[in-house]
Each structure stands twice: as structure tokens, then as C-alpha cells.
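Chain order of the listed sequences is V and X.
So the first sequence is numbered by the numbering used here: it starts at -3 and just counts up by one.
So the second sequence is numbered by the numbering used here: it starts at 52 and just counts up by one.
Glycine included, each C-beta is placed from N, C-alpha and C at the ideal position.
In this text the structure is predicted, and so the values were computed from the model without any measurement.
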Amino acid sequence: MALRFPTQLVTRGAVHHNHDHAKTTTTTAATGSSLSWRRTLIPDPLVSSTALPRKCHVQWTVKCSASGTSQAMNLAPGTPVRPTSILVVGATGTLGRQIVRRALDEGYDVRCLVRPRPAPADFLRDWGATVVNADLSKLETIPATLVGIHTVIDCATGRPEEPIKTVDWEGKVALIQCAKAMGIQKYIFYSIHNCDKHPEVPLMEIKYCTEKFLQDSGLNHIIIRLCGFMQGLIGQYAVPILEEKSVWGTDAPTRIAYMDTQDIARLTFIGLRNENINGKLLTFAGPRAWTTQEVITLCERLAGQDANVTTVPVYILRLTRQLTRFFEWTNDVADRLAFSEVLTSDTVFSVPMAETYNLLGVDSKDIVTLEMYLQDYFTNILKKLKDLKAQSKQTDIYF
Amino acid sequence: MSAATATSFSNSLNSTPNWRLSPTPNWQPPRRSFLVPQAAGKGGKKPKNRKPISPLSTETESTPATQQQQQVSLSLEDVNPVGLGRKSRQIFDEVWRKFSGLGQISRTTRADDQDTLDALLIREGPMCEFAIPGAQNTTVLVVGATSRIGRLVVRKLMLRGYTVKALVRKADQEVLDMLPRSVEIVIGDVGEPSTLKAAVEGCNKIIYCATARSTITGDLFRVDHQGVCNVTKAFQDYNNKLAQLRAGKSSKSKLLLAKFRSADSLTGWEVRQGTYFQDVVAFKYDAGMDAKFEYTETGEAVFSGYVFTRGGYVELTKKISLPLGYTLDRYEGLVLSVGGNGRSYVLILEAGPSADTAQSIMYFARINTKVGFCRVRVPFSSLRPVKPDDPPLDPFLVHTLTIRFEPRRQVCLFQVLASTCSFVWKKINVLSFKLTLEYIKALPTGQETDFVLVSCTGLGVEPSRREQVLKAKRAGEDSLRRSGLGYTIVRPGPLKEEPGGQRALIFDQGNRISQGISCADVADICVKALHDSTARNKSFDVCYEYVAEQGKELYELVAHLPDKANNYLTPALSVLEKNT
């Protein structure tokens, strides 16, 4: 459920409304009715779902409303929900953990919705957050986690290897409906930049549909669209370069404005407290947009060694996707490679942030740039390596 | 080419064997890399062609010469088809993972990568914006960890990588749920000194945010006054124990300058007298003065006498002789244990090259005593030069210590009374003095605060009990100030349950604040104060910035907005007075 974000992303002008790429029908088994998240079919399910929840949810919504549908906060006598209580969905992810940490540091009481797993997320508890076990794909586990919550921050995304619809669409719809029914005061949703322009990428389309669904739900909400995480670059480029492994990149001219997740978390909480931002759609982008090649060059310069780059031309990625789409058993793979469609476009991707900074009252100087971030990483890691080498030299004497 | 190569070859399908022909001329053997031709990136070939290069195919590539070596190093495991299959499968998976990663919008990092990354990015790593350099080796005891501020303090400390001990009265499930799991929970009660010994064990710093649950005087006394006193005592005992283990040579031990335990200890002390005025009037009305320093039968060193002369004074002085290797510049002040009968005295230090006393510069500080014994702390920073132009005191150069009694100010006070009542009787009372000395020690310097106390300003307490609450809090503060620990006393305005870091804060001394403050901000100040040298030995009020209505602004206090980018505490506190 980790929101591990793109290291590559969409470009603005790239509008490929290839609706023939879209699968013809998708019905959700959970509801039985045609809850299609296809873009073309959107208005229908969305309108009906807010006005009148689907069959399966009807019973369940009524149950929730018994404890107070009427937005009233006094669910139980004498226990108003504290405005500092928040629920973070997807707390173990790259962004989620930064959100949790920021929230704790600012004095919120944080509850984390975490999937039950053999190795539980200990670090969240060590920081002082409460962890509740629930699964967005198991709808019956959701309502209990929302009791006593004021704000829901949703930074969950299904893992690439699992079927995309169960968590990202069905789970989210259920979560939003439940939040609505239980009188959650604010819902923060993280989406992907330009998701409205690429319906051929399943994840982006789902995000776009969820945005629409949330907007129509009548919940007090903020939608934040993100571009790319700097944290993702470490694992993708920085570590392989230091370990002299080969680095895989594309020759796509797509530029992405990477942003530090710590900054995203900070801006989120500023926005969360600002009543003027309710119901708005914000886009957070980093200070500068980078291509893959530029990032690799920067890493090479900072690491002081050449990378072993394996460049895969974008058209090959695209071809592979086309090929895999022919067979049913490789359809899953095709979905995963869907992003390559976006990569073939070659426009500069970045959003002018001045207005957003202004709205939030943030100084652009405080936003970390990619150079600073990677510089920080490499100085620290090189220092650590040096220490390790010094240690191993000492032990060499005894051998 | 014997055993060593054989074993290395058995791993060699994972690590690139050096006998393999390299397609690139500047080939260096990578330490851990899968079998992908190095030039792959440059050719721009279809990845499918070069993806699954199985170990077998590389073997066929190798020249006969290397074939030879290879035969030497072949083990049974290397030709095992199952093992080979597994390895080639791993390699293929890796390549496919990377390849398909390029076409994905979100990515999964493998679990093993994740762990190493986590360590750097999340936990202790320098990449974490919360990490504080000193935090790793610091253990902090949070007293009152379940209080409104305490809970947040514990969280903030955990986020910053401190080791945290939490003192709670009961460890029931509710309490355990409230605290992060890796916090060490100590059960104890600040009202019971015996239970505190275990709590302070191993701690470097203490944050005290316990408050009485009610405003009943007994509760107030137990927690806010006696509680602070008990914790400081326990902590000092622990520090002293550590100091003793190092035979008084620890950085925490005080330096004994004089201890008046026997008649012998009085040697070297000299009683002198003098006057400030040398005019005729003074001479004419000279009623005389006298003083003596003696060791009484009851075992006390007493400096007593009278001064009737106008502008006269008597003083007790000694050249300080420090043990070899000690200098006063490693100390931050003096502490005197005296019974002063409520008089005020002047402590004078002479500093300069000890060989040439003519060059000495005099520094003075007024000290007040109480009825009965008390410990008076005189920080070197509070000593002022007698001539205002002289440079501030350099403790390194101090060579003589003087305690002077001068009746000047006290006379003014009592002459009014004296004119109405019996004149002579009063005058004797005022102009005579008796100072019992126990010891004089130098306080070791410290850069940081040892003990952060969250007190209160009294705002927000119900008015009928405010007096009692404040009395207990002030008594607690006083006992901390006297304890000899480096302290920071935070007096927040009425606490609000809201997230911190939103509004500008005002730091002030002197009961002028009117606003509330969020618990999270108070917790943040406590945590920041731990490693801030400007916070040491300071007491201050803090609250939100007062936003005056239009046209009603009275004065502007400098406000500081807490943020990650600026350390707001240092500039805010550096303008405030120490040792208030």
C-alpha cells in the first residue's frame, strides 16, 4: 500500500486519448454492478454512488449512519473528535512515513492503517503512532479504523505487482464512502500530476476517477497531485552507481520535477490547516524538472565515478507492452508497462509553484533541490564508506 | 589456482569471474554485478537480445586458455543443472525487474534494498531532517511522560533518535499504548525519592513535565515542589556517584576552594578594613569598626563584626591556591554555603597576573543571604568590573577572593525606621553582621542544560487557586536553580491541544505574556533546549504572538516562528537574562 512514486512521469502536453487501448469492460466483482472506472463511463457511477451508494454498500452505509451520518461530531456522548486525530492510509510507503513523522512532530495523534503482515511496521510504533491493522481490499475492515478520526490522509497506492483495481479503486471508493458516512472532517488525497491526460495508464486513470469521486462525494477535501519523489532516485540510480552495478534508464526526453517527500509532508500540513484551501486541487512539483540522463550525470558527478548505464530506448518498452497485450496471460505485464506510453512524449514537465507557495505562505528557498538532496546523500554515504574502509584496514592487520 | 580460486568460482556466477572476456576495453571487474555486457547501454540494441545471458553461454564465449583455468576451478556445484537453472532464473528476474521498472509509474523496492535504504533515509540517517547529531548518545528521562506535553516530548525525542526513559506511576495498558514501544518505562513516583534512583540511572538529561492532577495543596507540594526537588537530588546523586568513580576528576565534580572544617582551615584568610571616603566628616564622626574571623567551639567558622564608620567596610580575603592542573576558566561560577543572617555582602574577585598585584582588576557581585544556612551561586558572568571601562572577568586570571561587608545600603533602609524608634539599638543591628562560612566551591562549567522544567505562568489556572499553584511551582523552580544542575525553566501560557509550528512565539521574562501556546510547541522548545547552550540556566515565559487589534498595539515583542529551516530558539533566548 506504499505510495512509491514515479521516478518517471508524465509530461504536460502529452495527450494520448487512445481509448481503443482501454479495455472494453471492467466490472467489479465486489459490487456486482458495473462499477466501471473507465473514463468514458465515469459520470454515471460517480453520480449514483454519491447520491445512492451501490447495493452492497447500502446496508453498510446505513450501519455507519446509525452512529451519526449527520456530520455531527458528537458521535458518543461527551467525546468530541479531537482535531488533532488523523488517520494515515499507506503509512509505510515512501511518502506515508514522512507524513506520519511530520504529523507526530507537529503534535498530531496519528493512527496508521497498515495491512496485516508478518513483519509489522515497527518503526511507526517506535515513533509514537498507533497502528491499526486493516486492508483496503477487505472492505469490512475499514469502518472501525475511522472511529474518532478527524482527518484522513490517503497516500496509499497498490503495489505494482498486485491487481491494481482492488486497492486503488474499490478500496478507495469504500474508504471515501465510509469517511463520508462517518462524518470525517477532511480528506486529503494524493494523486498523480496530469492523470487526467493519460487515461491509457491504468493507475493514472484510477487516480483521476478517484479525484472525481472525492469531489462529488461532498467531503471536505484537498487533492494534491504529485510529480516524482527524490527518495525514489536513491534506490534507482544512486545506490547502483555506488555499488558499480548497472543502471537502467530510458532515453526518454521526459522531464520530471522531483520533490523531497519531507517537503511534500510539510506543505501538506500547512495546507491541511489552511481553511482557504478546502476543496482545492494543488499540484506539488520540485524546483526543477530533470530527465533521466541528467539525473544519472548528476549522480556520477557527485559520486565521483562513472555509471554503468544500460539505456533502453522507449520504443522497445512500448513494443514490449504492445506485444504483451496480445495474450491474456501477459495482460498484467502490459498494465505494468503502461507508463511507457507516457514516456514516448517529449515535453518538459513542471508546474510553476510560485502561486502554490504563495497560497501556502512558504518560502521557495526552503524547498530542497535535487542537487542539494543528492549532494547530501553522497557526502554522507561516502563518509560512511570511508569509515568502513578505515575499520576494515585496521582489522586487516590481524589477519 | 587452488582452493582459493575454486571457492571463488563457485560464487563466480553471481560475481563476475575475471576470466570472462569483457566487451569493453576499460573493463574493471565489478564486485557484485549480474551478467550483463557492459557495453549494452551504448549499442542501443533490443534488450531482449542481451537479457538472459545464461552462465552456459558465457562459458562458450571464453577462450581456450581460460577454459583451462576454468576446468581447474570447476566444482560439482557449478555443473549442477538445477543450480545453474536457478541462478540463470535469478539473473533473468533481476534484469526483467529492472526492465519492467522503466515502464512503471510506481515502483516496488525489494525488501533487502528497502532495509538498507530505511536505515539511511528513515531511522538514524543524516538524510532525516529530524536527526540531531548529539541525540545518538543521549538518554533522556521524561518525568510525567503521560502528561499532555510529556507525550509529545517523548515522540519528538524518539523521532530525533534519543534514547528515552519514561517515568510513570503505573504501567497499565493504557499507559503502555500511549507511549512508543521502544521507550524504556520506569515505574516510580516523584514524591517518593527512593523510587527515583532507578529512573535517573544512565540518564544524561531530564525533562520534567509532570504537574499535579489537582490544585489541592498536598498534591501541588508533592509534585510541583517536592517532586522537582527529589528528581534533581536523585540526578545530582547519580552525577556525583559518577564523579566519585573518577575520584573527583570528572567534569561534573565541583572544585573545592575552601572548606572551613577545622581551626587550621582559617589560615590564610585575612581580615581587613577600609573606607570609601577619606574626607574630614568621615574622620570626625568615625565611630570605628571591627571584625574578626574565628573558629567557634561549636565547630563553625564565623566572620563577624560591626561597621559604624560612614562609608566603611570590613572584608575577609584570601589568595586562592588551586590544586596543580586546575584553572578556574573551566568553571562557570562559585557556590558558597553560608549562614548570613539576611545581610547582603559583596563578593570581590581580583584578577590579573599574580606576580604583579598592581595590575589587578577588581570585579564584584552582590550576594544576598537568608536567615539560616543557604547556598549562594555566583556565576562568573554576574561579576562586574569596579571600573566600568575594564574588560569583563577572565576566570583564568583570578588570584584573590574577598567577601566584604559594607553597611551602606542597609543603613539607608533602616535610618527611616531608626528616626522613629530607638536610634542606637537599630543602628547596631544594621551595622553589625555575622557570617558563618561552610565552604566555597567552584562550579564546573557545562555547555548544555541538564534539566528542563516545564512550569507555568499562572494564566489559565482558576483564580482562587492561582496563588497556591504558583507558590508550589516557584518553590520547585527555586529548588532546581539551587541544585547546581544546568537548568532551563519553560513557563508556557495556557496550553492548547493543537498542532504546533503554526504561529509565531514570544519568549519573554517578567510575567507579561497573555496568550496561550500549543502543547506541541512547548514540547519542541523542551527538546531544542537540550542541546542549546543559550538555554542553559535560563527561565522564560513563552506564548503565542499577541495579535493586537487595529490601533491597540502597545509594543512589539520580537516573535519567532518555529520552522525546520531556522533554529528559532537560539536567537530568541540569547537576548534573555541568565540565572534569573
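CB contact below 9 Å: residue i versus chain V
i, result
"E548(X)", "yes"
"P543(X)", "no"
"A402(X)", "no"
"K149(X)", "yes"
"Q187(X)", "no"
"Q141(X)", "no"
"L635(X)", "The question about residue 635(X) has no answer here: the residues shown for chain X are numbered 52 through 631."
"G551(X)", "yes"
"P132(X)", "no"
"L231(X)", "Residue identity differs from the one stated: residue 231(X) is Pro in this sequence, not Leu. Chain V, which has a Cβ nearer than 9 Å to the Cβ of P231(X), makes this yes."
"V205(X)", "yes"
"V501(X)", "The sequence shown places Asp at residue 501(X), rather than the Val named in the question. By this cut-off, D501(X) is not an interface position."
"K273(X)", "First, the amino acid is wrong: residue 273(X) is Arg here, not Lys. Not an interface residue."
Beta-ladder partner(s) of residue i, from DSSP
i, result
"K256(X)", "V191(X)"
"F502(X)", "I257(X) and Y538(X)"
"C594(X)", "I557(X)"
"D341(X)", "Y357(X)"
"Y377(X)", "None; Y377(X) has no bridge partner."
"S187(V)", "R221(V)"
"E102(V)", "Bridge partners of E102(V): none, in fact."
"Y346(X)", "A352(X)"
Interface flag, residue i vs chain X, CB-CB below 9 Å
i, result
"R284(V)", "no"
"Y186(V)", "no"
"Q181(V)", "no"
"W123(V)", "yes"
"P79(V)", "yes"
"V329(V)", "yes"
"V43(V)", "The predicted model places V43(V) with a pLDDT of 37, which falls under 50 and marks its position as unreliable, so this point remains unresolved."
"G167(V)", "no"
"D150(V)", "no"
Given residue i as reference, the closest of the options once Cα atoms are compared
i, options, result
"C577(X)", "Q224(X), C260(X), G239(X) and N562(X)", "C260(X)"
"Y311(V)", "E166(V), P249(V) and F225(V)", "P249(V)"
"R563(X)", "G544(X), L581(X), P550(X) and D575(X)", "G544(X)"
"H217(V)", "D256(V), L91(V), E239(V) and N274(V)", "N274(V)"
"I149(V)", "Q227(V), G267(V), F225(V) and G231(V)", "G267(V)"
"G376(X)", "K248(X), P550(X), L306(X) and E401(X)", "L306(X)"
"Q654(X)", "I230(V), E102(V) and R121(V)", "Outside the shown range of chain X (52 to 631) lies residue 654(X), about which nothing can therefore be said."
"G228(V)", "G167(V), N272(V), Y373(V) and N327(V)", "Y373(V)"
"K546(X)", "V512(X), L521(X), K524(X) and R532(X)", "Contrary to the premise, residue 546(X) reads as Leu rather than Lys in this sequence. Cα-wise, what sits closest to L546(X) is V512(X)."
"G278(X)", "P244(X), G363(X), W320(X) and A250(X)", "P244(X)"
6 Å Cβ shell around residue i - same chain, five flanking residues per side excluded
i, result
"K379(V)", "none"
"F424(X)", "G390"
"S187(V)", "K203, E207, I219 and R221"
"A526(X)", "H276"
Close-in-space but distant-in-sequence residues of the same chain around residue i (CB under 8 Å, 5 per side omitted)
i, result
"S311(X)", "Looking at the sequence itself, residue 311(X) is Phe, so the reference to Ser does not match. Excluding residues within five positions, the ones whose Cβ falls inside 8 Å are L317, Y346, E351, A352, L488, E489 and Y490."
"T159(X)", "Annotation note: pLDDT 47 at T159(X) (below 50); position unreliable, no value reported."
"S313(X)", "Y346"
"I422(V)", "Look at the range of chain V in this structure, -3 to 395, and you will see that residue 422(V) is not part of it."
"Q560(X)", "S590, F591, D592, L627, E628 and T631"
Neighbourhood of residue i by C-beta distance below 7 Å, restricted to the same chain and skipping five residues each side
i, result
"V397(X)", "F415, R417, R455 and E457"
"V54(V)", "Any reading at V54(V) must be qualified, since the residue scores a pLDDT of 32, below 50, and its modelled position is unreliable; no value is offered."
"V364(V)", "D256 and D259"
"R98(V)", "A261, R262 and F265"
"K19(V)", "With a pLDDT of only 38 at K19(V), under 50, the local geometry of the prediction cannot be trusted, and the value read off the model is given with reservation. None."
"I230(V)", "Y373"
heavy atom of the ligand ADP below 8 Å from residue i C-beta
i, result
"G245(V)", "The ligand ADP is absent from the structure shown, which contains no ligands of any kind."
Mind listing which residues of the region 207 to 224 of chain X have their C-beta closer than 8 Å to chain V's C-betas, in chain order? K207, M209 and L210
Closer than 7 Å, Cβ to Cβ, to anything on chain X: give me those residues from the region 92 to 104 of chain V, in chain order. R93, R97, L100, D101, E102, G103 and Y104
Taking a cut of 9 Å between CB atoms, which residues from the region 562 to 577 of chain X lie near chain V? S569, C570, A571, D572, A574 and D575
Closer than 7 Å, Cβ to Cβ, to anything on chain X: give me those residues from the region 236 to 259 of chain V, in chain order. E239, E240, K241, S242, W244, T246 and Q258
Note down, in chain order, all residues in the region 368 to 381 of chain V with a beta-carbon under 7 Å from any beta-carbon belonging to chain X. D372, Y373 and N376
Closer than 8 Å, Cβ to any Cβ of chain X: which residues of the region 281 to 313 of chain V, in chain order? N304, V305, T306, T307, V308, P309, I312 and L313
Given a limit of 8 Å on CB to CB distance, which residues of the region 258 to 280 of chain V reach chain X? Q258, R262, F265 and R269
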